[in-house]
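In order, the protein sequences belong to chains A and F. When we follow the working numbering, the leftmost residue of the first sequence carries the number 4, and every step to the right adds one. When we follow the working numbering, the leftmost residue of the second sequence carries the number 2, and every step to the right adds one. By construction, the Cβ of each residue, glycine as well, lies at the ideal position given by its N, Cα and C atoms. What follows is one structure encoded as structure tokens, with my remarks underneath.
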Amino acid sequence: KNEVEQSPQNLTAQEGEFITINCSYSVGISALHWLQQHPGGGIVSLFMLSSGKKKHGRLIATINIQEKHSSLHITASHPRDSAVYICAVKRAQKLVFGQGTRLTINP
Amino acid sequence: KAGVTQTPRYLIKTRGQQVTLSCSPISGHRSVSWYQQTPGQGLQFLFEYFSETQRNKGNFPGRFSGRQFSNSRSEMNVSTLELGDSALYLCASSLVKTSGSSYNEQFFGPGTRLTVL
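So this is what it looks like as structure tokens:
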């Protein structure tokens, strides 16, 4: 079992839909990262959080440390949100990554 | 500020050769981390450098090495290339606070895509 599990692995939705991507981890962590990777490889850091909830535009990230679970939500999804979303946790001074969720938003 | 830059962007090598990849962090960032991304294994941590010292290392063989210069620029080297080393190599820089916190938001470069034939 991977230390960091994401679900779903693939997600296809229509423009405007509310999107939720989940991340569960099995070890104690000090912080969790949500990353976005577009075709071509470039990675952008969306959120870094260690408790509670953060919001940036249409993106919302939450984390429950006790349940070892985080969610990334996208409201009013748009085709430009199509990308791979990766959850990463900081453990023993290193980042451990989930396998990623490939999101496709159709117009 | 300019973002993280990596050179070269694409590289083709043959088995047994060695390769050196370069990463220039955002100005003022003293921590540089390197990652390997493959379709099978996903993203994996290679190593982290801070103030010219390797601070953390992932589970990779000794063929993978790196260094950091006084201007925070970093290089990674892979010797005796194998087919399985074909991957996207990403570096990321972060601003480490003087209080000692070793984890801050990371800013990723565009990556170097290495193909080993």
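By alpha-carbon positions, which one of the options ends up nearest to residue i?
i: residue 27 of chain F; options: F:60, F:91, F:74; result: F:74
i: residue 77 of chain F; options: F:53, F:19, F:5, F:23; result: F:23
i: residue 95 of chain F; options: F:32, F:14, F:66; result: F:32
i: residue 96 of chain A; options: F:47, F:81, F:91; result: F:47
i: residue 114 of chain F; options: A:33, A:43, A:61, A:30; result: A:43
i: residue 85 of chain A; options: A:61, A:72, A:14, A:56; result: A:14
i: residue 107 of chain A; options: A:80, A:50, A:31, A:61; result: A:80
i: residue 116 of chain F; options: F:110, F:68, F:105, F:16; result: F:16
i: residue 99 of chain A; options: F:45, F:68, F:112; result: F:45
i: residue 59 of chain A; options: A:109, A:77, A:22, A:102; result: A:77
i: residue 63 of chain F; options: F:70, F:53, F:82; result: F:82
Looking at the secondary structure, which residues open and close the beta strand (DSSP E) in which residue i lies?
i: residue 12 of chain A; result: Looking at the DSSP string, residue 12 of chain A is not in any beta strand (DSSP E), and its letter there is neither H nor E.
i: residue 108 of chain A; result: 104-109
i: residue 75 of chain A; result: 72-77
i: residue 3 of chain F; result: Per DSSP, residue 3 of chain F belongs to no beta strand (DSSP E) and is neither H nor E.
i: residue 49 of chain F; result: 43-51
i: residue 80 of chain A; result: That residue, residue 80 of chain A, is in no beta strand (DSSP E); it is neither H nor E in DSSP.
i: residue 15 of chain F; result: Where residue 15 of chain F is concerned, there is no enclosing beta strand (DSSP E), given that its DSSP letter is neither H nor E.
i: residue 39 of chain F; result: 32-39
i: residue 24 of chain A; result: 22-28
i: residue 38 of chain A; result: 34-40
i: residue 76 of chain F; result: 75-79
i: residue 67 of chain A; result: 62-67
i: residue 27 of chain F; result: From DSSP, residue 27 of chain F is part of no beta strand (DSSP E); its letter is neither H nor E.
Can you grab the Cα-Cα spacing for the pair residue i / residue j, in whole Å?
i: residue 118 of chain F; j: residue 14 of chain F; result: 6 Å
i: residue 52 of chain A; j: residue 64 of chain A; result: 8 Å
i: residue 40 of chain A; j: residue 104 of chain A; result: 10 Å
i: residue 55 of chain F; j: residue 35 of chain F; result: 11 Å
i: residue 8 of chain F; j: residue 85 of chain F; result: 21 Å
i: residue 119 of chain F; j: residue 49 of chain F; result: The shown model of chain F, from 2 to 118, leaves out residue 119 of chain F, and the question about it has no answer.
i: residue 33 of chain A; j: residue 80 of chain F; result: 34 Å
i: residue 20 of chain A; j: residue 57 of chain F; result: 41 Å
i: residue 66 of chain F; j: residue 60 of chain F; result: 12 Å
i: residue 6 of chain A; j: residue 38 of chain F; result: 17 Å
i: residue 107 of chain F; j: residue 17 of chain A; result: 31 Å
i: residue 47 of chain A; j: residue 37 of chain A; result: 9 Å
i: residue 55 of chain A; j: residue 30 of chain F; result: 27 Å
i: residue 8 of chain A; j: residue 69 of chain A; result: 16 Å
i: residue 42 of chain F; j: residue 49 of chain A; result: 22 Å
i: residue 97 of chain F; j: residue 68 of chain F; result: 18 Å
i: residue 71 of chain F; j: residue 10 of chain A; result: 42 Å
Sorry if obvious, but does the Cβ on residue i come closer than 7 Å to a heavy atom of the ligand PLP?
i: residue 97 of chain F; result: Of the ligands one can find in the structure shown there are none, so the ligand PLP has no counterpart to examine.
Legend entry - Inter-stretch contact (C-beta, 8 Å, three-pair minimum) for the segment 20-40 of chain A and the segment 82-95 of chain A: yes
Legend entry - Near-chain A residues of the segment 43-73 of chain F - C-beta to any C-beta below 8 Å: 43, 44, 45, 46, 49, 56, 57, 59
Legend entry - Where the segment 83-103 of chain A meets chain F: residues whose CB sits under 9 Å from a CB there: 89, 91, 93, 95, 96, 97, 98, 99, 100, 101, 102, 103
Legend entry - Short-range partners of chain F found in the segment 35-48 of chain A, where Cβ spacing is below 9 Å: 36, 38, 40, 43, 44, 45, 46, 47, 48
Legend entry - Near-chain A residues of the segment 80-91 of chain F - C-beta to any C-beta below 7 Å: 89, 91
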